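Novice: So the protein lines, in turn, are chains A and B. FYI, the numbering for the first sequence is 0 to 513, going by numbering that gives the first Met the number 0. FYI, the numbering for the second sequence is 0 to 513, going by numbering that gives the first Met the number 0. Cβ coordinates follow ideal geometry from the N, Cα and C atoms, glycine included. As the structure is a computational prediction, the values presented were derived from the model and not from experiment. Structure provided below as structure tokens; questions to follow.
2 protein chains.
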Amino acid sequence: MILKTIFLGLEAGGKSIVIMNGDDAERLGVLSLGRVAIRFNGEVKTAIVHKSSKMVDPGTIGVCKKVWRGLGLAERSEVEVEAAAFPDSLYFIRNKLAGRKLGRDEILEIVEDTVDEKLSDVELSAFVTALHSFGLDLDEATYLSLAMIETGRTMKLDGGPTVDKHSIGGVPGDKTTLLVVPIVAAAGLLIPKSSSRAITSPAGTADRAEVLMPVTLDLDEMRKVVERTGGAVVWGGAVHLAPADDIFVKVEYPLSIDPLLLPSIMSKKRAVGADLLVVDIPTGRGAKMKTIGEADLLAKDFMEIGSRLGITVRCAVTYGEEPIGSAIGPALEAREALEALMNRGTAPDLVDKATAIAGMILKMAGRSDGKALAEEILSSGRAEEKMREIIAAQGGDPDIAPEDIAVGEERLTVKSGRSGTVLWINNSSVAEVAKAAGCPKDAGAGILLHKKIGDVVGEGEPLFTIIAERGSNLRRSQERLEKARVLAVGDRMEMLIHEVKERPVVKRSFTLDR
Amino acid sequence: MILKTIFLGLEAGGKSIVIMNGDDAERLGVLSLGRVAIRFNGEVKTAIVHKSSKMVDPGTIGVCKKVWRGLGLAERSEVEVEAAAFPDSLYFIRNKLAGRKLGRDEILEIVEDTVDEKLSDVELSAFVTALHSFGLDLDEATYLSLAMIETGRTMKLDGGPTVDKHSIGGVPGDKTTLLVVPIVAAAGLLIPKSSSRAITSPAGTADRAEVLMPVTLDLDEMRKVVERTGGAVVWGGAVHLAPADDIFVKVEYPLSIDPLLLPSIMSKKRAVGADLLVVDIPTGRGAKMKTIGEADLLAKDFMEIGSRLGITVRCAVTYGEEPIGSAIGPALEAREALEALMNRGTAPDLVDKATAIAGMILKMAGRSDGKALAEEILSSGRAEEKMREIIAAQGGDPDIAPEDIAVGEERLTVKSGRSGTVLWINNSSVAEVAKAAGCPKDAGAGILLHKKIGDVVGEGEPLFTIIAERGSNLRRSQERLEKARVLAVGDRMEMLIHEVKERPVVKRSFTLDR
């Protein structure tokens, strides 16, 4: 079928799409989300079909930017359009939908076609949903890791083992990485740390680090920083270690599922050439892993996949029932981390966690005095010195002081209505209130905890302070606070954990019942 | 955040979408596929967010037609944009993703938001994939049926029971409906039959019927035809009985899954007010149901859901190992059906199947002599007479003769290389070859079988003829024929069923292995 082209001006997320008139599509025998081959001047491109009766007249075809440029089209170019087969990768996805295990070639093909944007959103969503529903075994997870590495950028540093750490997240205020990287680098190991920004949390490690220094470095820039200082803390989005993962994450976000957790993490570690890795698994009722048993099982999987990828993995199951340290929010957390590096006596739990994890890494690298060595590097000021080297190498101000870090001026302090002991802190309420206050886009917003679990509190004593850059956000967080209880003070365990509310949808009758 | 609007001109399949600059989206704290509320002149609309760094400058927002018209926007209108919550229905979809059973309110909300185009393709795909992966029980199937009825159009005919028949499909050449409708209507029952067009088959019932008469009737037009004649055969796409189903089917197509089979069928039967229903379940290795056991289980589900919806259901498990009659392709099948109605001795298997199913319907309506009555109505010419009434009422030529029906001029007859017996006919090869010959868009294309299973064949005797409207399609079907074996002649069962070929993807190494 010969059709005249119309430029759509659409990027369509990098996908190759065309819009056909419904009648033309019917005559060609293609349905919405099917594929057509478009031929022009001896070149052929395959595109995903969308139909429209109004946007495109019969005899014409709307073409997105990618195909337009790929074929060198002009307005009203005459192209030959014919029905084309679905990509092989879609047949492999259908295999998974049928509950079958995927082989390595199948997985590589799916991941390659994902990166090449050959699969529609419907197909990608079905793939991650099927992985979630049927599960994936360790072979599949390993091949997915390898395929993500294959389709991304990689690096290999010379001189000494390359180490890495990763937290599966879920606990607010976790600025451990900002201490571990300089401690480990000061001990002579290489630690090229790529980190994520907040997706649904008040702050990601990249957001925290960005308060101290630029983090949008590409892979070559990161490599230079690590070659100079031994460490780096950069935003993973700019180094393009696993472009497939970025695409899967985008689809997973509205669904709130995460079947690719292991491959997503492990592929990036392998891509930066990690030899040794510690995975932090925060555990507790407010964390992703609710029980130590669950955490241990996940740890086993990490270690097994690590061994298949040539990475020695150890896991740290850590206390995740409350935030780490007292500060939540990018600037507040960066300030707390810097104070801890400067040995100002801040956040003993943060210091303990960071030296424990750094100690595990040092031990894996052959230093038998792991945690003691980590503590010594921190208390001697060598960790602070190393952090300032890294800040300078990444283009920040090496002389930055905690007092230089700007935080919001709008404040609200919540006081205890009674005396007693802090019984629990709700991680997700903390995160919600901090986000309502403006986190992560307002870097100076957040929460400062004055009390933590087990602390004794007098009536009228401050429990926590909400900090915002704008009054409207402070009010918004105050409204949140009325619905979400952040912290409980009592004499004994309060037995009612919470009341289950009615479902949000109004009860209705079907017409047939009337 | 205040942004200036840019018209996208996009219909986006009826969905409300906006395209935001990546920086604006980040500042607002919304991700791709998240939601924003857009406020203008006191009106608010919610839209699905897509991000683009190139299409939309910071400070502006690209708006699709639906939101543009809904808010009465103009180029560079200033709108207030803020982050909005996902719809409740998405949280219910997440419940299904967690393996939980959905309640009736949850299902109604999901189906309503589907019809209102409030859910993105990613979310719809996850819903059908989760239904497929975790399965749906009879409660869920019933509520899905009710919700599809609730969101579509319905009708209720006066005078006598309304009956219906449905085939789950899968067997080529199945023109049974074209006989059952006039037989049943001639007996005084009401049968408002809505049918589908071919999706992946060479011809759907709507395609066959369209050769004889117009089938694109709306609900009111169909009602008038049934009120006048007792029967109708129309295309379901135009009567909008279950708009939700049309949306689900579009998503299911590339995935080749069909978890909504039962609700999709039963909702449409209830929507036309059916009191009695016969479901035809063709069974055999080339059909959708491979074994009689499977077919019986499906039948049980149909009957149970029917009873919950107030429809008495009986199921016909029918022989599905080979095509029905000899003709495959819209025009060839219409001609064969018309000849059978005219008692020309055509297709005894078709006549037996049609009178058996019509007989079941008649029996359910209280005529104890079901099949005998159906045979009598057919042989007396009353069925033909009724069909010509229906053709006239739908706007076709009531005097149409089989000889008036145009079929393709390009022909290729395949002859047997040996003498023996026809051992098997492969339904999917028949369908593939017929489609390659031009079906369903070339109505005159198709296949005529000269022999069927069990027939004795001499060497050089014709087995089947491929018919096409264009020579290029005849050649295409000939190429297909080389890959797909349509029919086998032998003395005894050939023990090699087929050879499993290598997978289409080339074996490759991961870089890490090198």
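Among L130(B), M359(B) and G159(B), which one has its Cα closest to the Cα of L261(B)?
Specialist: L130(B)
Novice: Starting from F126(A), follow the alpha helix (DSSP H) in both directions and report where the run begins and ends.
Specialist: D120 to F133
Novice: Quick check: what's the CA-CA separation for K362(B) versus S266(B)?
Specialist: Going by the C-alpha atoms only, they are around 24 Å apart.
Novice: Pull up the DSSP beta-bridge partners for G445(B), would you.
Specialist: I466(B)
Novice: Would V505(B) be called buried (16 or more neighbouring beta carbons within 10 Å of its own) or exposed?
Specialist: Its pLDDT being 46, under 50, V505(B) is placed unreliably in this model, and the value from its coordinates should be taken loosely. So V505(B) ends up on the exposed side.
Novice: Closer than 8 Å, CB to CB, is T217(A) near chain B or not?
Specialist: Checking the sequence shown, residue 217(A) turns out to be Asp, not Thr. Not closer than 8 Å to any Cβ of chain B, the Cβ of D217(A) fails to qualify, so no.
Novice: Is the beta carbon of D244(B) sitting closer than 8 Å to the one on M147(B)?
Specialist: yes
Novice: Tell me the DSSP bridge mates of V66(A)?
Specialist: Looking at the DSSP assignment, V66(A) forms no beta bridge with any residue, so it has no partner.
Novice: Out of A82(A), T317(A), I310(A) and S144(A), state which residue places its alpha-carbon closest to the alpha-carbon of K289(A).
Specialist: T317(A)
Novice: How would you list, in chain order, the residues of chain B whose beta-carbon sits under 8 Å from the beta-carbon of A523(A)?
Specialist: With chain A represented from 0 up to 513, any question about residue 523(A) goes unanswered, as that position is not in the structure.
Novice: Assuming contact is defined by CB atoms lying nearer than 8 Å, are I327(A) and I404(A) in contact in what I supplied?
Specialist: no
Novice: Would you tell me roughly how many angstroms separate the C-alpha atoms of E335(A) and P401(A), rounded to the nearest one?
Specialist: 8 Å
Novice: Buried or exposed, going by whether 16 or more other CB atoms sit within 10 Å of the CB of T141(A)?
Specialist: buried
Novice: Which residue marks the beginning of the beta strand (DSSP E) containing K20(A), and which one marks its end?
Specialist: In the sequence as presented, Lys is not what sits at residue 20(A); that position holds Asn. Per DSSP, N20(A) is one residue of the beta strand (DSSP E) stretching across I16 to N20.
Novice: Measure the C-alpha to C-alpha separation of K287(A) and I16(A) and round it to an integer number of angstroms.
Specialist: 38 Å
Novice: State the DSSP-derived secondary structure class of S144(B), mapped to helix, strand or coil.
Specialist: helix
Novice: Kindly list, in the order they appear in chain A, the residues whose Cβ is closer than 8 Å to that of R26(B).
Specialist: Taking a Cβ-Cβ cut-off of 8 Å, the neighbours of R26(B) in chain A comprise K440, given in sequence order.
Novice: Report the residues of the stretch 105–121 of chain A with a CB closer than 8 Å to any CB of chain B, ordered along the chain.
Specialist: E105, L107, E108, S119, D120 and V121
Novice: With 8 Å as the threshold, decide whether the Cβ of K506(B) is near any Cβ in chain A.
Specialist: Because K506(B) carries a pLDDT of 46, less than 50, the predicted location of this residue cannot be relied on, and no value is offered for it.
Novice: Assuming S200(B) contacts G168(B) under a Cβ cut-off of 8 Å, what Cβ separation, rounded to an integer in Å, is found between them?
Specialist: 7 Å
Novice: What residues of chain B sit near T256(A), judged by a beta carbon separation below 7 Å?
Specialist: It is Ile, not Thr, that sits at residue 256(A) in the sequence shown. The contacting residues are L96.
Novice: Which residues in the same chain have their Cβ closer than 8 Å to the Cβ of L218(A), if we skip the five residues on either side of it in sequence?
Specialist: Within the same chain, and ignoring the five residues on either side of L218(A) in sequence, the residues whose Cβ sits closer than 8 Å to its Cβ are R152, M154, V238, H239 and L240.
Novice: Between the alpha carbons of G292(B) and M54(B), how many angstroms are there, rounded?
Specialist: 56 Å
Novice: Measure from the C-beta of V250(A) to each C-beta in chain B and report whether the shortest distance is under 8 Å.
Specialist: At least one chain B Cβ lies under 8 Å of V250(A).
Novice: Look at V180(B) and V232(B) and say whether their C-beta atoms are less than 8 Å apart.
Specialist: yes
Novice: Could you tell me which of I5(A), S195(A) and H449(A) sits nearest to T59(A), measuring between CA atoms?
Specialist: The shortest Cα separation from T59(A) among I5(A), S195(A) and H449(A) belongs to I5(A).
Novice: If the criterion is Cβ atoms closer than 8 Å, does the pair S195(A) and V271(A) meet it?
Specialist: With contacts defined as CB atoms closer than 8 Å, S195(A) and V271(A) fail to qualify as a contacting pair.
Novice: For V488(B) versus V421(B), is the C-beta spacing smaller than 8 Å?
Specialist: If you check the CB distance, V488(B) and V421(B) come in under 8 Å.
Novice: Quick one: grab the DSSP three-state call for P191(A).
Specialist: strand
Novice: Can you check whether the CB of G459(A) is closer than 8 Å to the CB of V406(A)?
Specialist: no
Novice: Mapping DSSP to helix, strand and coil, what is V29(A)?
Specialist: coil
Novice: If you draw a straight line from the alpha carbon of S521(A) to that of R269(A), how long is it in whole angstroms?
Specialist: Since the first residue of chain A shown is 0 and the last is 513, residue 521(A) is not available in this structure.
Novice: Any heavy atom of the ligand FMN within a distance shorter than 7 Å of the CB on V29(B)?
Specialist: Summarising the ligand content, the structure contains no ligands, and the ligand FMN is consequently not present.
Novice: Check the Cβ-Cβ distances between P253(B) and every residue of chain A, and say whether any is below 8 Å.
Specialist: yes
Novice: Is V350(B) closer than 8 Å to A315(B) when the C-beta atoms are compared?
Specialist: no
Novice: Grab me the residues of N472(A)'s own chain with a C-beta within less than 8 Å of its C-beta, minus the 5 sequence neighbours each way, in chain order.
Specialist: These residues qualify, in order along the chain: E409, A435, A436, G437, D441 and A444.
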